[in-house]
DNA sequence: ATTCTCACA
DNA sequence: TGTGAGCA
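Numbering (the numbering used here), first residue to last: 38 to 157.
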C-alpha cells in the first residue's frame, strides 16, 4: 500500500510516517515513481512505534527493537541479545518516571483537597 | 487525485 | 510536527 492508505489505517499523518522513515523506524520500498510502498507489517510497526514513543523511548532504541518483536506478541529474536541490557535501562527509566508522576500526583491531591469543589 | 522533497512566522 | 510550494 502507499502512504495514503497507511494514513487511513494508522491514523498517523504523512509527515510523521515520513519522519519515522528518516529515523529508521520504517523502511518502505519505493515504486519507480518514487512513491513509498508499505506492507501490512508496517501497520503493526506503527502501532508499536507509537506505544514505545509514548513510553519515552528514543527513536534510536525503537529502531533497534522493532525488528526483534515477532507478530505474536513480544518475543525477542536472537539478534536482540545485545539489546536486553539497554531495554533494562529503559524499563528502569519508566519505573523512575512513574515514581515522579506519583509524587506530582500527590502534590496535586494536597492542593485539590485544600480547595472548595473537587472532582475525580 | 496522489505522492514527493524542501523549507519555515 | 504542521503547512504550503512547485513537481511528476
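In this text, a Cβ means the ideal position worked out from N, Cα and C, and glycines have one as well.
- Apart from sequence neighbours up to five positions away, no residue of its chain approaches residue 150 with a beta-carbon distance below 8 Å.
- Inter-residue distance for residue 92 and residue 70 is about 36 Å (C-alpha atoms, whole angstroms).
- One Cα belongs to residue 147, the other to residue 66, and the distance between them is close to 54 Å.
- Take the alpha-carbon of residue 68 and the one of residue 78: they are about 18 Å apart.
- Each residue's CA atom was taken as its position, placing residue 101 and residue 120 some 8 Å apart.
- Per the coordinates, the alpha-carbon of residue 82 lies some 8 Å from the alpha-carbon of residue 63.
- DSSP places residue 139 inside the alpha helix (DSSP H), whose first and last residues are 121-151.
- Residue environment: residue 94 is assigned as buried (16 or more neighbouring CB atoms within 10 Å of its CB, all protein chains considered).
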